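Note that the sequence shown covers residues 8 to 403 in our numbering. For reference, the structure discussed in these notes is given below.
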Amino acid sequence: MKKWMLVLVALFVSVSAFSQSCLDDVWQCLRSNQTPKAKKFMEACMASNPDNAEVWLMQANVNVHLYQYDLEKKQKDPSAAARYPNALEDAYNAFVKALELDPKVEPKTGMLSAQAGQKLLADPFKDKAEQAEEKGKFDEALKYYGIAAKCYELGGVKVNAAIMYYHTAIVYQKMNDNLNCEKMLEKSIATAPNLTPSSYIELYYLYKDQKDTVKCGNILTKAQKVFGEAPEKMVELYEPLMDYYAMTGDEGKLLEIVDKSIATGEPAMIPNCATYLTNAKAYAKAEQILTEALAKTPNDFNLLKQMGYRYAMEYYDIQDRRQAAMNARQYELATQLFQSPERKNAMEKAHEWCEKAYQVNSDNLENNRILREMKALLQIPIPQELNDKINARLKN
Numbered sequence: 008m009k010k011w012m013l014v015l016v017a018l019f020v021s022v023s024a025f026s027q028s029c030l031d032d033v034w035q036c037l038r039s040n041q042t043p044k045a046k047k048f049m050e051a052c053m054a055s056n057p058d059n060a061e062v063w064l065m066q067a068n069v070n071v072h073l074y075q076y077d078l079e080k081k082q083k084d085p086s087a088a089a090r091y092p093n094a095l096e097d098a099y100n101a102f103v104k105a106l107e108l109d110p111k112v113e114p115k116t117g118m119l120s121a122q123a124g125q126k127l128l129a130d131p132f133k134d135k136a137e138q139a140e141e142k143g144k145f146d147e148a149l150k151y152y153g154i155a156a157k158c159y160e161l162g163g164v165k166v167n168a169a170i171m172y173y174h175t176a177i178v179y180q181k182m183n184d185n186l187n188c189e190k191m192l193e194k195s196i197a198t199a200p201n202l203t204p205s206s207y208i209e210l211y212y213l214y215k216d217q218k219d220t221v222k223c224g225n226i227l228t229k230a231q232k233v234f235g236e237a238p239e240k241m242v243e244l245y246e247p248l249m250d251y252y253a254m255t256g257d258e259g260k261l262l263e264i265v266d267k268s269i270a271t272g273e274p275a276m277i278p279n280c281a282t283y284l285t286n287a288k289a290y291a292k293a294e295q296i297l298t299e300a301l302a303k304t305p306n307d308f309n310l311l312k313q314m315g316y317r318y319a320m321e322y323y324d325i326q327d328r329r330q331a332a333m334n335a336r337q338y339e340l341a342t343q344l345f346q347s348p349e350r351k352n353a354m355e356k357a358h359e360w361c362e363k364a365y366q367v368n369s370d371n372l373e374n375n376r377i378l379r380e381m382k383a384l385l386q387i388p389i390p391q392e393l394n395d396k397i398n399a400r401l402k403n
């Protein structure tokens, strides 16, 4: 029995000595920038020590050097093909394997630890993900964003990891995979809650598509708590907040956010605010802010178009109430609504403002369609040019 134990101990010492000698050769090559030679020594080390954490850690370092070797060649000659195209992924996998075998494995002097190595690889994987996304290679982009996120997290850079999860969500969005998009947005928020309102906003519109007003309200409430002390970030939340309050009919809170939006002094805020006010049937306030803005820029297409939209929506609202009265057999009320001066005024004003907008920009489909409808209702001749423009846009 003792004899067998001595044999086993001797064998362990022999293998351990061989692996250290082998790793020393690799280490010396890397220290003297003999990267291809280090690769050959590394292959022998790996063949003899496939379950040794130190060997895997050195393998990872070799692959990092191979990746850098190709980068340096590319810098000298941009047309040069990569000699080791898989070096980056091989380095990442080797770092992971080293940690799996021994979470406390230590590198040789001057070499990268598993954690430091993965942190170093994060940016190159991010770059590969962005390039793949730009080319429409979404599966590849998802793979590299995922690796980059893990690398950043292992390196303790949670903010960057959250950004990777957000980008992953956007890729899933492009693939029409709303379920995974939602999961990645939630993961981005969980990783770095105060990074950006973007993840909260994207989640809000996903929940809105699901017609889940409870989740819509919850995510916006959470965002307001997180960014309440950051005015520059709160501005980004104004639009979804206005959308939510218009959708839920909370006119008081809608007006509050509208006032805050206008106070930013951004001209683009005015038509957006007017849209949500109109959708909430707060027609007077919509008209007020548009009138004030038009006094400064009377030929602004977006303002003119929005004023036309405001009156058109009032007309449609009266029509809906008239139809509801008809359905309830309240024929007298239905007649009153049909003959009301408000209905006629809404049609005429919608036509007037849409016509003004048309004179500034005759290629906007939404404005053109409302304008044509109002002309038909008011029995005003419809120019052939208007019909042609609408038909041309519909074909496209």
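Virtual Cβ for every residue (Gly too), placed ideally from N, Cα, C. These figures come from a predicted structure and were not determined experimentally.
Taking the alpha-carbon positions, what's the residue i to residue j distance?
i: T42; j: D184; result: 43 angstroms
i: T255; j: E160; result: 39 angstroms
i: Q180; j: A45; result: 43 angstroms
i: N334; j: I208; result: 39 angstroms
i: K260; j: L385; result: 37 angstroms
i: E96; j: M49; result: 17 angstroms
i: Y318; j: E362; result: 13 angstroms
i: N309; j: F102; result: 55 angstroms
i: L202; j: M182; result: 25 angstroms
i: C29; j: Y99; result: 22 angstroms
i: Q326; j: P204; result: 39 angstroms
i: N59; j: D109; result: 9 angstroms
i: E147; j: K267; result: 42 angstroms
i: G224; j: H174; result: 24 angstroms
i: A129; j: K157; result: 8 angstroms
i: K104; j: Y151; result: 18 angstroms
i: L78; j: I377; result: 58 angstroms
i: I387; j: N375; result: 14 angstroms
i: Q75; j: S206; result: 34 angstroms
i: E236; j: A230; result: 11 angstroms
i: A17; j: A51; result: The predicted position of A17 is uncertain, since its pLDDT is 33 and thus under 50; no value can be drawn from it.
i: L297; j: N398; result: 30 angstroms
i: I389; j: R379; result: 7 angstroms
i: A176; j: P200; result: 16 angstroms
i: F25; j: A123; result: Bear in mind that a pLDDT of 46 at F25, under 50, signals an unreliable position, so the number given afterwards is only what the model happens to contain. For F25 and A123, the distance between alpha carbons rounds to 27 angstroms.
What distance in whole Å lies between the Cβ atoms of residue j and residue i, which are believed to be in contact at a cut-off of 8 angstroms?
i: E258; j: A289; result: 6 angstroms
i: K396; j: H358; result: That pair is no contact at about 17 angstroms.
i: A331; j: A287; result: At roughly 19 angstroms, the Cβ-Cβ gap does not stay under 8 angstroms, so A331 and A287 are not in contact.
i: Q313; j: P278; result: 4 angstroms
i: N306; j: V367; result: 6 angstroms
Residue j and residue i - do their beta-carbons sit closer together than 8 angstroms?
i: Y316; j: M354; result: no
i: L192; j: L210; result: yes
i: I226; j: Y245; result: no
i: R336; j: L344; result: no
i: A54; j: N70; result: no
i: V1; j: N56; result: No information on residue 1 is available, as it lies outside the stretch 8 to 403 that the chain covers here.
i: L73; j: P114; result: no
i: A3; j: A136; result: A question about residue 3 goes unanswered here, because the residues of the chain that appear run from 8 up to 403.
i: K165; j: T198; result: yes
i: V242; j: T271; result: yes
i: E284; j: A293; result: It should be noted that the sequence gives Leu, not Glu, for residue 284. Yes. Within cutoff.
i: Q125; j: G162; result: yes
i: L213; j: C188; result: yes
i: L311; j: W360; result: yes
i: G117; j: R38; result: yes
i: M171; j: K142; result: no
Which of the three DSSP states, helix, strand or coil, is assigned to residue i?
i: T282; result: helix
i: D184; result: coil
i: V164; result: coil
i: Q125; result: helix
i: A287; result: coil
i: I329; result: Just to set this straight, residue 329 is Arg in the shown sequence, not Ile. Of the three classes helix, strand and coil, the one that applies to R329 here is helix, per DSSP.
i: T175; result: helix
i: M53; result: helix
i: M12; result: With a pLDDT of only 38 at M12, under 50, the local geometry of the prediction cannot be trusted, and the value read off the model is given with reservation. Three-state DSSP puts M12 in a helix.
i: Q138; result: helix
i: P388; result: coil
i: N394; result: helix
i: T342; result: helix
i: D130; result: helix
i: E273; result: coil
i: Y91; result: coil
i: N334; result: helix
Tell me the residue span of the alpha helix (DSSP H) that contains residue i.
i: N375; result: L372 to L384
i: T255; result: P238 to T255
i: N5; result: This structure cannot settle anything about residue 5, because the visible part of the chain is limited to 8 through 403.
i: I264; result: E258 to A270
i: Y99; result: A94 to L108
i: Q366; result: P348 to V367
i: A230; result: T220 to F234
i: Q215; result: The question names Gln, but residue 215 in the sequence shown is Lys. Taken as a continuous stretch (DSSP letters only), the alpha helix (DSSP H) holding K215 covers S205 to D216.
So, is the C-beta of residue i closer than 8 angstroms to a C-beta in chain B?
i: A319; result: The structure shown contains no chain B; it is built from a single protein chain.
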